[in-house]
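Below is one structure; the comments refer to it alone.
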Amino acid sequence: MKKLIPPELIESRIFLIRKQKVMVDKDLAILYNIETRALVQAVKRNLDRFPADFMFQLNKKVFNLLKSHFVISKRGGTRRMPYAFTEQGVAMLSSVIKSKRAVLVNIEIMRTFVKLRNLILDNKDLWKKLNLIEKKSIKHDLQIKTIFESLKDLMFPQKEIKQKIGFKIN
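Just so it is clear: in the sequence shown, position 57 is 56 by numbering that gives the first Met the number 0, and no numbers are missing.
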């Protein structure tokens, strides 16, 4: 089955803001193939479904950091600060945007959020293992250094051997 939206496209539109992975209203509207104002209007009609941990409005400072990501309108910019939706907020959007595409896109977005979460968890395990190895290696640094110096001396001897090895025949 062909994917509606490539996961890489969704991943590129997920940002880390306020220590949360979020998607911005404008990007979601593009994925849903609707206008941003229609998305925001649907949300405002159902604000009780979007508590602060599901959605928040970006402040000017954060918006300026992300500004290069947004397309500037003909009027010289946005007239309002964009909304950011957490994973739960994106899931809730499928209940307020009534279209088949929105449901299918949300499924792909949820899969991408899960993939990213699993990737982060896998990396945490890797970092824990590396930290453990690093702590153990501190104890063994001197031994390892000695081994490497010995190997280096064997491979690239610094001193010339003055005495010939072998038997002397009379």
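We put the beta carbon where it would ideally sit given N, CA and C, even for glycine. Here the structure is a predicted model, which means the values were calculated and not measured.
- For L15, the enclosing beta strand (DSSP E) begins and ends at 14–16.
- Exclusion of the five residues before and after F49 leaves V42, G88, M91 as the residues of its chain whose Cβ lies within less than 7 angstroms of its Cβ.
- Taken in chain order, the whole beta strand (DSSP E) runs of length 3 or more contained in the region 78–127 are 82–85.
- Taking 7 angstroms as the cut-off, the beta carbon of Q56 is found closer than this to the beta carbon of Y82.
- Looking at the backbone, the Cα of M109 and that of L46 are separated by about 21 angstroms.
- Comparing alpha-carbon positions, the option among L118, K127, M80 lying closest to K60 turns out to be M80.
- Contact between L8 and V104 is ruled out by a C-beta separation of about 11 angstroms, above the 8 angstroms threshold.
- Across the structure, A101 and N122 are spaced so that their CA atoms are roughly 31 angstroms apart.
- DSSP lists A83 as the bridge partner or partners of F55.
- A Cβ-Cβ separation of about 7 angstroms places P6 in contact with K114 under the 8 angstroms criterion.
- Runs of the beta strand (DSSP E) lying entirely within the region 21–65, each at least 3 residues long, are 54–56 in chain order.
- Close CB contacts of S11 within its chain, under the 7 angstroms cut and outside five residues either way in sequence, are absent.
- Residues V95 of the same chain have their beta carbon placed closer than 8 angstroms to that of R44, with the five preceding and five following residues left out of the count.
- In this structure, E86 lies near F112, with their beta-carbon atoms less than 7 angstroms apart.
- The Cβ atoms of M22 and I13 sit closer than 7 angstroms to each other.
- Put simply, the backbone Cα of D52 is about 17 angstroms away from that of L27.
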